[in-house]
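Asks: So the sequence lines, in the order shown, correspond to chains Y and U.
Residue 8 in my numbering sits at position 8 of the first sequence, with consecutive numbering throughout.
Residue 65 in my numbering sits at position 65 of the second sequence, with consecutive numbering throughout.
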Amino acid sequence: HEGLVATVKEAGRSIHEIPREE
Amino acid sequence: EGALGYVREFTRHSSDVLGNLNELRLRGILTDVTLLVGGQPLRAHKAVLIACSGFFYSIFRGRAGVGVDVLSLPGGPEARGFAPLLDFMYTSRLRLSPATAPAVLAAATYLQMEHVVQACHRFIQASYEP
């Protein structure tokens, strides 16, 4: 099928974590 | 009975906020930086860029990043690798295809988005398996 998009779920962290103020 | 307090958690809130931010981006509302990627101007919010990318965090977190409102990325990613990452930042959905994955991987590496880099590697590995 043209244009069929398979979506895979990523459960893990997606982006960096900004360090908490020391 | 006996609870100290009650909290109503709106579980859709983070995705609803992101959806509104994306609408603001598409309409150019409060966008405070223009990224020149492969010569193509892309408007965005520094706050979203800094929240999603280690590279932009290191650029905009300091005072040096305050006055920057146009940023060209010389030797940086090409637009076809960068644009899907900008959409990902604002939608949580990363569009990949065998044709674009290498460019997205290169852009994610440049932007220090490690978790996306890993996802691109997994995608590329899977697309080679018979």
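Glycine included, every Cβ here is placed at the ideal spot set by N, Cα and C.
1) Residues of the region 41 to 74 of chain U with a CB closer than 9 Å to any CB of chain Y: list them in chain order, please.
2) Who are L42/U's beta bridge partners in DSSP?
3) I need the DSSP call for L71/U, collapsed to helix, strand or coil.
4) Would you kindly work out how many angstroms separate the C-alpha atoms of R8/U and S14/U, rounded to a whole number?
5) Using a beta-carbon distance below 9 Å, is E21/Y in contact with chain U?
6) State yes or no: is the beta carbon of H13/U nearer than 9 Å to at least one beta carbon in chain Y?
7) Kindly list, in the order they appear in chain Y, the residues whose Cβ is closer than 8 Å to that of E114/U.
8) Taking 8 Å as the cut-off, does the region 40 to 52 of chain U touch the region 10 to 27 of chain U (at least 3 CB pairs, one atom from each stretch)?
9) Touching or not, the region 121 to 129 of chain U and the region 73 to 81 of chain U, by the rule of three or more beta carbon pairs under 8 Å?
10) Determine the direct distance from the alpha carbon of A101/U to that of Q40/U, and round the result to whole angstroms.
11) Under 9 Å, Cβ to Cβ, is there at least one residue of chain Y near R80/U?
Replies: Looking at the coordinates:
1) I50, A51, C52, S53, G54, Y57, R61
2) To locate residue 42/U, count along the second sequence from 1; it is residue 42. Note: L42/U sits in a beta bridge opposite L35/U.
3) Along the second sequence, read from residue 1 onward, the residue named residue 71/U stands at position 71. Three-state DSSP puts L71/U in a strand.
4) Within the second sequence, residue 8/U is the residue found at index 8, counting from 1. Within the second sequence, residue 14/U is the residue found at index 14, counting from 1. Their Cα atoms are separated by approximately 14 Å.
5) Within the first sequence, numbered from 1, the residue matching residue 21/Y stands at position 21. By this cut-off, E21/Y is not an interface position.
6) As a working mapping, residue 13/U is identified with position 13 in the second sequence. Closer than 9 Å: no.
7) Against the second sequence, residue 114/U aligns to sequence position 114. Simply H16.
8) yes
9) no
10) Your numbering for residue 40/U matches position 40 in the second sequence. Your numbering for residue 101/U matches position 101 in the second sequence. Roughly 20 Å between the two C-alpha positions.
11) One-based indexing of the second sequence puts residue 80/U at position 80. R80/U does not count as touching chain Y.
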